[in-house]
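J.: Numbering (the numbering used here), first residue to last: 371 to 859.
Got a structure here, written out as C-alpha cells. Questions coming.
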RNA sequence: CGGGGCGUAGCGCAGCCCGGUCAGCGCACCUGCUUUGGGAGCAGGGGGUCGCAGGUUCGAAUCCUGCCGCCCCGACCA
C-alpha cells in the first residue's frame, strides 16, 4: 500500500501537514487558525514542559499565573510594545449574549465593557503592572517568575504548531536590581533553551542577538536560538529578552537600593512555545513520518507480538515481561501492543508514523530461538538480538539513536551553513536554503533592502566577531558585523 | 489583504459540463468465520438536511444569485 505521507522532495509543506495529521499530533479545529493538539502531540509538549520546568526551578524560578485578559490601556503604556502587537490582538468588548426577537443568539449591546479587554498576546504589561505592588526594596529582588500559559496572536496565516492563533508556551518574567544581573539572567535562560534543543530535542542551534528590526517589541536586546529545517529554512526556536528598564518605566516599578535611592527595576522575559514540536518534525522527520529523539519520545519502545493462537500471545507476553520490567526500571517507557484489531504490519506503519524510536518484534520463531527482532526508527535498520543481550541492547540503542540524530542534524546544518563575501554568492546560497553568514554594514536600510530582494532576514548576530568583518555584501561599505542570514518560518 | 483550491457518511473522494434509479466508491465502524514475521481475506450490516439561503423547473448534489466556512501559496509574525 502506498504511503499516506507526501514525500518531502515532492512538497515539503504537504509532507509537514501529513506528518502532523497521520502521526496523530494535531488537527485543524472548528476555529480558524486554531488547532486541536491530540494526545501524542500533547505528550511531546508535556515532555518539553517537564524538562524546562525542572530546569527553571533548579535555577531559582517559581511558577505563577496571571490573567488571560489585559486591559487595553495597559498595552498602550509601552510605545514599541503596542506597536508590535496591536495588529494581531483579539479584543473582548462585551460580556453577555441574549436571544433577539427572532430567537437568535446575539451579543447584548447593553453589556458593553467600559474598557475593552485584550486576550494576552504576551504578558509583560499585566505582569509589570502587578510587579509594581510586589517590589519596593532591593531585598525584594531578584523576582524570578515563570508562567505556563496560552496566548493569542491573530495571525493572518497559520500553520500547525509553527504559527497558530492560539498557542501554548511558557513566559518567564524576571525583575533585577542591576543591568548586569538582568543581562546575565537573559543569557542564562537562553543557555537552558540551547541545552533543551541540543541535548533533548537533538536539534543543533545557532545562538546570538537579534538585529533591531527583528528584536522583541519593547526589548533592549533579544537573544535567540535558531534551528535549520530540512527544507533549508530557519526556525526561531526560543527567545530571551533583556528589557532594560522599559517596562519598569512604563508601569512605574521602582525599588529602593542599598544606598537608599529610588531606581527603576531591570527586567527580562523569555519564552518557548509549542512551535518546538514543529522544529522536531522538520529536523528529524522522514518520508515514513515522525522520527522522535528518545529523550523526548512519549513512548520509547514498543513490543509487537506475532502470534496465531492466544496461547502463543501468552508465551510472548511472558517471555517479554521480565525485559519490560527491567527496561522500565532503567527509565525506559515501553508498551506491549497486543491489540488484536490490527495486523503486525499495520502496527509497524503506525508506530513509524508516530516516531517511536525502537520496535521489538517477537513471534513463534523467536520463541524457539530465544531472539527478538529489534528495529530502530531513525535508520530503519533491523537486527536479530538474542535474549541474553536484549536487556542491555535496547537501552543502548536508545542512547545511540539520541546521539546519532543529533550528529546527523549537525552534519546537515554544517553542510548548509555558508560563509560568503559577495552578493552573487549570497543570492545563490539563500536561494538554495541554509544559514548564510555574510558581512553587513549594520544599518536597518540595508537589512530591509536585502529582505526585499531575497526574502532573507538576519536571524542573529553572533557574539564572536572577527577583527575585520569585511565589506557589506549589499552596499560594499565597511561591515559592522558578520551576521547569519536565512529565509525563515 | 492578494493568488489558487475545496465544501457530498467519521476520513478521503467520484458524480456536477450534458437536471430525471446518482445517494455512490475506498478506508474506518458493527457481526461472524478464517487470519497475523511490513497497512489481511470473505460474507453480511449500520451510517449522509449533498456547506447555508433564495431562485429557475413537473423534477436540483447537478443550472442561476447571494452568503458562509476551510485549506494551500505570498505579504506580517513565536
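No residue lacks a Cβ here, since even glycine has one placed at the ideal position from N, Cα and C.
Model, not experiment: these values are computed from the prediction.
Distance check for residue 503 and residue 396, CA to CA, integer angstroms please.
T.: In the first chain, the residue the question calls residue 396 occupies position 26. In the first chain, the residue the question calls residue 503 occupies position 133. Taking the straight line from one Cα to the other gives about 41 Å.
J.: When the Cα atoms are used, what is the spatial distance from residue 777 to residue 812?
T.: As a position in the first chain, residue 777 is number 407, starting the count at 1. As a position in the first chain, residue 812 is number 442, starting the count at 1. The alpha-carbon atoms of residue 777 and residue 812 are separated by roughly 34 Å.
J.: Quick check on residue 859: does DSSP put it in helix, strand or coil?
T.: Looking up residue 859 in the first chain gives position 489. Residue 859 falls in the coil class under three-state DSSP.
J.: Looking at C-alpha atoms only, which residue of 508, 667, 672 and 638 is the closest neighbour of residue 627?
T.: Position 257 of the first chain, counting from 1, holds the residue named residue 627. Per the Cα distances, 508.
J.: Can you give me the Cβ contacts of residue 371 inside the same chain, cut-off strictly under 7 Å, excluding the 5 residues immediately before and after it?
T.: Locating residue 371 in the first chain gives position 1, where the first residue counts as 1. Only weak support is given to the placement of residue 371: the predicted model assigns it a pLDDT of 40, under 50, and the value that follows is read from those uncertain coordinates. Counting only Cβ-Cβ distances below 7 Å, and skipping sequence neighbours, we find nothing.
J.: For residue 696, which residues from the same chain have a beta carbon less than 7 Å from its beta carbon, with the 5 sequence-adjacent residues on both sides left out?
T.: Walking along the first chain from the start, residue 696 turns up at place 326. Closer than 7 Å at Cβ, skipping near neighbours: 761.
J.: Taking the alpha helix (DSSP H) that residue 616 belongs to, which residues open and close that run?
T.: Locating residue 616 in the first chain gives position 246, counting from the first residue. Per DSSP, residue 616 belongs to the alpha helix (DSSP H) from 616 to 620.
J.: Measuring straight from C-alpha to C-alpha, what distance separates residue 827 and residue 786?
T.: Translated into the one-based positions of the first chain, residue 827 becomes position 457. Translated into the one-based positions of the first chain, residue 786 becomes position 416. Their Cα atoms are separated by approximately 16 Å.
J.: Let me know the alpha helix (DSSP H) ranges lying completely inside the region 394 to 453, each 4 residues or longer, listed in chain order.
T.: Whole alpha helix (DSSP H) segments, 4+ residues: 409 to 428 and 442 to 445.
J.: Relative to the alpha-carbon of residue 461, which residue among 483, 433, 451 and 474 has its alpha-carbon at the smallest distance?
T.: Here residue 461 refers to the residue found at position 91 when the first chain is read from its first residue. For residue 461, the nearest C-alpha among the options comes from 483.
J.: What residue range is occupied by the uninterrupted beta strand (DSSP E) comprising residue 486?
T.: Position 116 of the first chain, counting from 1, holds the residue named residue 486. Here the beta strand (DSSP E) through residue 486 covers 482 to 489.
J.: Can you give me the C-alpha to C-alpha distance between residue 673 and residue 575, rounded to a whole angstrom?
T.: Residue numbering aside, residue 673 sits at position 303 when the first chain is read from its first letter. Residue numbering aside, residue 575 sits at position 205 when the first chain is read from its first letter. Computed Cα separation, rounded: 34 Å.
J.: Using a 10 Å radius around the Cβ and a threshold of 16 neighbouring Cβ atoms, would you call residue 526 buried or exposed?
T.: Position 156 of the first chain, counting from 1, holds the residue named residue 526. Under this definition residue 526 is an exposed residue.
J.: In whole angstroms, what is the alpha-carbon distance linking residue 387 and residue 770?
T.: Residue mapping note: residue 387 aligns to position 17 of the first chain, counting from 1. Residue mapping note: residue 770 aligns to position 400 of the first chain, counting from 1. Looking at the two C-alpha atoms, the distance is approximately 29 Å.
J.: Should residue 549 and residue 415 be called a contact, given that it needs their Cβ atoms to be closer than 8 Å?
T.: By 1-based counting over the first chain, the position of residue 549 is 179. By 1-based counting over the first chain, the position of residue 415 is 45. Taking 8 Å as the Cβ cut-off, residue 549 and residue 415 do not qualify as a contacting pair.
J.: Can you list, in chain order, the residues of its chain with a C-beta nearer than 7 Å to that of residue 564? Leave out the 5 residues immediately preceding and following it.
T.: Numbered from its first residue, the first chain carries residue 564 at position 194. So the qualifying residues of the chain are 575, 577 and 595.
J.: Is the region 556 to 572 in contact with the region 603 to 610, if contact means three or more CB pairs nearer than 8 Å?
T.: Output reads yes: the region 603 to 610 touches the region 556 to 572.
J.: Decide if the region 641 to 649 is in contact with the region 526 to 539; the criterion is three or more beta carbon pairs, one per stretch, under 8 Å apart.
T.: Because the criterion of three Cβ pairs below 8 Å is met, the region 641 to 649 and the region 526 to 539 touch.
J.: Please determine if the region 745 to 765 and the region 815 to 824 are in contact, where contact requires at least 3 C-beta pairs separated by less than 8 Å.
T.: No, because fewer than three Cβ pairs between the region 745 to 765 and the region 815 to 824 fall closer than 8 Å, the two stretches do not touch.
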